[in-house]
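Visitor: First the structure, which I've put down as structure tokens, then a few questions once you've had a look.
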Amino acid sequence: MGLIGMILAAVLVAVLIAIVVVKYLPLKLRWIASLLLLASTVFLVYKIYNGIMEPINFNKIKVKKFAKVVEKLKIIRDAEVKYNEVFGKYTKDKAGLIKFIDTAQLALTQTKTIVEKEDRGGGIIIDVEKKIVDTIGYEPVLKYFKDKDYQNMFAVPGVPNKEFDLEIGTVEKVQGLVVPTFMAKTEKKDILKGMDESLVKLELEALATDQIKGEYVSVGSLDEVTTGGNWPPFYDKKESAKKQ
Numbered sequence: 086m087g088l089i090g091m092i093l094a095a096v097l098v099a100v101l102i103a104i105v106v107v108k109y110l111p112l113k114l115r116w117i118a119s120l121l122l123l124a125s126t127v128f129l130v131y132k133i134y135n136g137i138m139e140p141i142n143f144n145k146i147k148v149k150k151f152a153k154v155v156e157k158l159k160i161i162r163d164a165e166v167k168y169n170e171v172f173g174k175y176t177k178d179k180a181g182l183i184k185f186i187d188t189a190q191l192a193l194t195q196t197k198t199i200v201e202k203e204d205r206g207g208g209i210i211i212d213v214e215k216k217i218v219d220t221i222g223y224e225p226v227l228k229y230f231k232d233k234d235y236q237n238m239f240a241v242p243g244v245p246n247k248e249f250d251l252e253i254g255t256v257e258k259v260q261g262l263v264v265p266t267f268m269a270k271t272e273k274k275d276i277l278k279g280m281d282e283s284l285v286k287l288e289l290e291a292l293a294t295d296q297i298k299g300e301y302v303s304v305g306s307l308d309e310v311t312t313g314g315n316w317p318p319f320y321d322k323k324e325s326a327k328k329q
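For the sequence shown, the positions run 86 to 329 when our numbering is used.
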């Protein structure tokens with residue numbers, strides 16, 4: 086509506102100046118009106134152009150800012166997943182999670198199937214297949230975080246002295262089966278601070294499938310079993326393109 090209003094204002098100003106020139110302004114002074122009209126036209130063209138480009142530029146800058154945040158959230162997610170593999174739960178201890186990456190070992194396992202005889206009684210003996218999991222070695226968790234800035238993974242990019250919120254919880258997936266959950270998040274408004282307030286307000290209300298929905302950029306959930314983020318797929322495609 087702002088852009089439409091500027092266009093209507095430009096038309097109205099042009100009409101009013103034309104009326105004044107024709108009806109009231111002496112011929113020898115009409116050059117002044119021409120200069121005013123030219124100046125008004127240049128100003129309004131600039132405002133219209135700026136009105137068109139501002140949302141476009143906002144979106145470009147926003148995506149760059151969010152991409153850096155998403156990259157950090159993916160590192161946190163990977164760290165929590167590895168922690169869960171070792172301990173069967175997630176953690177909200179940020180310093181402890183960094184230490185875990187530096188020092189922990191992951192067990193390497195091998196699953197094999199063996200056949201055992203089982204006596205069912207009455208002289209009935211049958212072959213029963215059983216799966217056995219053997220630990221064949223260990224590897225450092227650090228291996229999975231090579232070239233990743235995990236030491237600073239909780240610092241929100243572009244927001245001084247701000248860290249991601251990290252929470253853990255549980256969800257009863259089916260009756261009697263309780264599954265651990267986690268969520269790391271940060272507010273969009275902090276990431277977009279200093280940008281156009283009206284456009285930031287619209288971003289906080291985003292619901293489209295090609296946008297990061299809601300007021301936060303987040304990964305995981307406390308209400309459902311997921312390690313996914315709330316960002317659209319193209320943020321993941323950018324990372325895939327870098328690796329190729």
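Ideal placement from N, C-alpha and C gives every residue a C-beta, glycine not left out.
Return the first residue and the last residue of the alpha helix (DSSP H) that Glu252 is part of.
Guide: Sequence index remark: in the sequence shown, residue 252 carries index 167 (1-based). Taken as a continuous stretch (DSSP letters only), Glu252 belongs to no alpha helix (DSSP H), being part of the beta strand (DSSP E) at Asp250 to Val259.
Visitor: Using only CA atoms, which one of Val200, Ile297 and Ala152 lies nearest to Lys216?
Guide: Position 131 of the sequence shown, counted from the start, is the residue given in the question as residue 216. Out of Val200, Ile297 and Ala152, Val200 has the C-alpha closest to the C-alpha of Lys216.
Visitor: Per the contact definition of three or more C-beta pairs closer than 8 Å, is the stretch 146-156 in contact with the stretch 274-286?
Guide: Yes, the stretch 274-286 touches the stretch 146-156.
Visitor: Output yes or no for whether 7 Å exceeds the beta carbon distance between Lys270 and Asp295.
Guide: Translated into positions along the sequence shown, residue 270 becomes position 185. Translated into positions along the sequence shown, residue 295 becomes position 210. Contact flag unset, no.
Visitor: Which residue from Ile183, Leu193, Ile253 and Thr255 puts its Cα closest to that of Asp219?
Guide: For the purposes of this step, residue 219 is taken as the residue at position 134 of the sequence shown. Nearest of Ile183, Leu193, Ile253 and Thr255 to Asp219, Cα basis: Leu193.
Visitor: Restricting to runs no shorter than 4 residues, where is the alpha helix (DSSP H) found entirely within the stretch 286-323?
Guide: Listed in chain order, there is nothing to give.
Visitor: Quick check: what's the CA-CA separation for Leu122 versus Lys132?
Guide: Locating residue 122 in the sequence shown gives position 37, where the first residue counts as 1. Locating residue 132 in the sequence shown gives position 47, where the first residue counts as 1. Answer to the nearest angstrom: the Cα atoms are 15 Å apart.
Visitor: Express the C-alpha separation of Asp321 and Val302 in angstroms, rounding to a whole number.
Guide: Counting from 1 along the sequence shown, the entry for residue 302 is found at position 217. Counting from 1 along the sequence shown, the entry for residue 321 is found at position 236. Taking the straight line joining both Cα atoms gives about 14 Å.
Visitor: If we ignore side chains and look at the alpha-carbon of each, how far apart do Gln195 and Asn142 end up?
Guide: Position 110 of the sequence shown holds residue 195. Position 57 of the sequence shown holds residue 142. About 53 Å.
Visitor: Output needed for Ile211: all residues of its chain with C-beta closer than 7 Å, excluding positions within five of it in sequence on either side, in chain order.
Guide: Residue 211 sits at position 126 when you count from the first residue of the sequence shown. So the qualifying residues of the chain are Glu203 and Arg205.
Visitor: Short check: CB of Leu307 to CB of Met268, under 7 Å?
Guide: To locate residue 307, count along the sequence shown from 1; it is residue 222. To locate residue 268, count along the sequence shown from 1; it is residue 183. In contact: Leu307 and Met268 (Cβ atoms closer than 7 Å).
Visitor: Using C-beta distances below 6 Å, list every residue in its chain close to Ile160, excluding the 5 sequence neighbours before and after it, in chain order.
Guide: As a position in the sequence shown, residue 160 is number 75, starting the count at 1. The residues are Lys233, Tyr235 and Met238.
Visitor: Do you know offhand how far Leu158's Cα is from Tyr229's?
Guide: In the sequence shown, the residue the question calls residue 158 occupies position 73. In the sequence shown, the residue the question calls residue 229 occupies position 144. Their backbone Cα atoms lie some 15 Å apart in a straight line.
Visitor: Could you please give me the residues that DSSP links to Phe267 through a beta bridge?
Guide: The sequence position of residue 267 within the sequence shown is 182, counting from 1. According to DSSP, Phe267 bridges with Ile253 and Ser306.
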